[in-house]
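What follows is the structure, encoded as structure tokens:
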């Protein structure tokens, strides 16, 4: 029944995509590769739970419905070439960049932009550089991205706190 409803949804709208979550693994911009049985389904289930939670929090996303064991139906969007990262805890590259110990809470969450370009290893960029590459039309759009990241971060911290999980960053 879900699959039939998904087909009707796909037929009714032009800007709908069927997204398949695969069992493949990659790390370090696909320099390391592998696979894990049922990973696609697990990732789809986790993503769907989070998207449903965000929807209940009045935060829009591209998610429309689940289909099958490892698929979801999504609204087609135009992607911007930015990775927006919200950080709550000193860890990973942030600790390395500033030579600090991992694990300390950050008093006010940080929002960072990275240029989504695998061949450049997704470098950190400033607001001015984001405008330079045309990732946003103006500072107001970048400010909106930051505001949304902070709002989603607050909601996600609540979500993960209820599960006993500390949200380090996303």
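Numbering (the working numbering), first residue to last: 10 to 179.
Backbone N, C-alpha and C define an ideal beta-carbon position, used for all residues, glycine too.
Close beta carbons around residue i, own chain, < 7 Å, minus the five adjacent residues each side
i, result
"residue 13", "Summary for residue 13: the model assigns pLDDT 48, below 50, so the residue's position carries little reliability; its value from the coordinates is reported in the next sentence. No residues qualify anywhere along the chain."
"residue 139", "91, 122, 145, 151"
Residues bridged to residue i [DSSP beta-bridge criterion]
i, result
"residue 96", "119, 178"
"residue 36", "41"
"residue 74", "82"
"residue 25", "84"
"residue 91", "124"
Close Cβ partners of residue i (< 8 Å) along its chain, the five nearest in sequence each way excluded
i, result
"residue 70", "60, 63, 64"
"residue 130", "38"
Residues near residue i in its chain [Cβ-Cβ closer than 6 Å; skip 5 each side]
i, result
"residue 28", "81, 83"
"residue 134", "122, 124"
"residue 158", "93, 95, 120"
"residue 113", "99"
CB-CB length for residue i against residue j, believed under 8 Å
i, j, result
"residue 73", "residue 25", "7 Å"
"residue 120", "residue 155", "5 Å"
"residue 56", "residue 177", "Actually they are not in contact, since the Cβ atoms of residue 56 and residue 177 sit about 18 Å apart, beyond 8 Å."
"residue 79", "residue 53", "5 Å"
Secondary structure of residue i, DSSP reduced to three states
i, result
"residue 68", "coil"
"residue 50", "helix"
"residue 60", "helix"
"residue 30", "coil"
*Of all the alpha helix (DSSP H) runs that stay within the bounds of the stretch 106-152, which reach a length of 4 or more residues?*
136-141
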